[in-house]
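Taking it in order: structure first as structure tokens, then the write-up.
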Amino acid sequence: MAVIAAAVIIGLIAIWIIVTIPVWIAAKILTLGKAKFTRAMLVTAAGPIVYGIVFFISAAVLTVALGNSTMPAIVAFILAFIAWIGVFKKGFATGWIRALAIAILATVVFAVIGVVITLIIQAIVPGAPPITPFPLQQV
Numbered sequence: 005m006a007v008i009a010a011a012v013i014i015g016l017i018a019i020w021i022i023v024t025i026p027v028w029i030a031a032k033i034l035t036l037g038k039a040k041f042t043r044a045m046l047v048t049a050a051g052p053i054v055y056g057i058v059f060f061i062s063a064a065v066l067t068v069a070l071g072n073s074t075m076p077a078i079v080a081f082i083l084a085f086i087a088w089i090g091v092f093k094k095g096f097a098t099g100w101i102r103a104l105a106i107a108i109l110a111t112v113v114f115a116v117i118g119v120v121i122t123l124i125i126q127a128i129v130p131g132a133p134p135i136t137p138f139p140l141q142q143v
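The opening position of the sequence shown corresponds to residue 5 in the numbering used here, with each subsequent residue numbered one higher.
This is the structure in structure tokens:
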């Protein structure tokens, strides 16, 4: 049991570091080199926590207020996304537009890294399944 727990913790830390890299690269570009990797790690850890809290609380409150429909989920998603961008804004001491740009650029960088890693693995191990899903991919 302890081995499984250790493996899960190590896996989560590895994923956290890997996901931090695109955020750091995007923030480094858009803050003109001011972003630090440790700050990107903090923002990457705090962002999903804030997103989850805002989403679930707003979805619950809006469902009670508006009834059980898709509208509360849509509004909760939008509010949670704004909160996530707010974490980027505060974490990198930047404005809303630049924080949004960091989020978008980080997503693009993450996708490119995923494609490159997938192509390298498939070159080394022919027939290996892709690590990241490619849109409109033939299975």
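Glycine included, each C-beta is placed from N, C-alpha and C at the ideal position.
All values derive from a computational prediction rather than experimental measurement.
The continuous alpha helix (DSSP H) containing Ala103 extends over residues 100-128.
Assignment of Met5 by DSSP, reduced to helix, strand and coil, places it in the coil class. Bounds of the alpha helix (DSSP H) holding Ser62 are 41-70. Just measuring C-alpha positions, the residue of Thr42, Phe59, Pro130 sitting nearest Ile29 is Thr42.
For Leu36, the secondary structure class from DSSP, reduced to helix, strand or coil, is coil. Under the three-state reduction of DSSP output, Ala97 falls in the coil class, being neither helix nor strand. Here the region 76-86 does not lie against the region 11-30, with fewer than 3 beta-carbon pairs under 8 Å apart. DSSP places Ala31 within a helical segment (H, G or I) once states are collapsed to three.
With the rule of 3 Cβ pairs closer than 8 Å, the region 54-74 does not count as touching the region 122-129.
The Cβ-Cβ distance between Pro26 and Val113 falls below 7 Å. Straight across, the Cα-Cα distance linking Phe96 with Lys40 is about 9 Å. Leu109 and Val54 have their C-alpha atoms some 20 Å from each other. Comparing alpha-carbon positions, the option among Ala107, Ala77, Val79 lying closest to Ile89 turns out to be Ala107.
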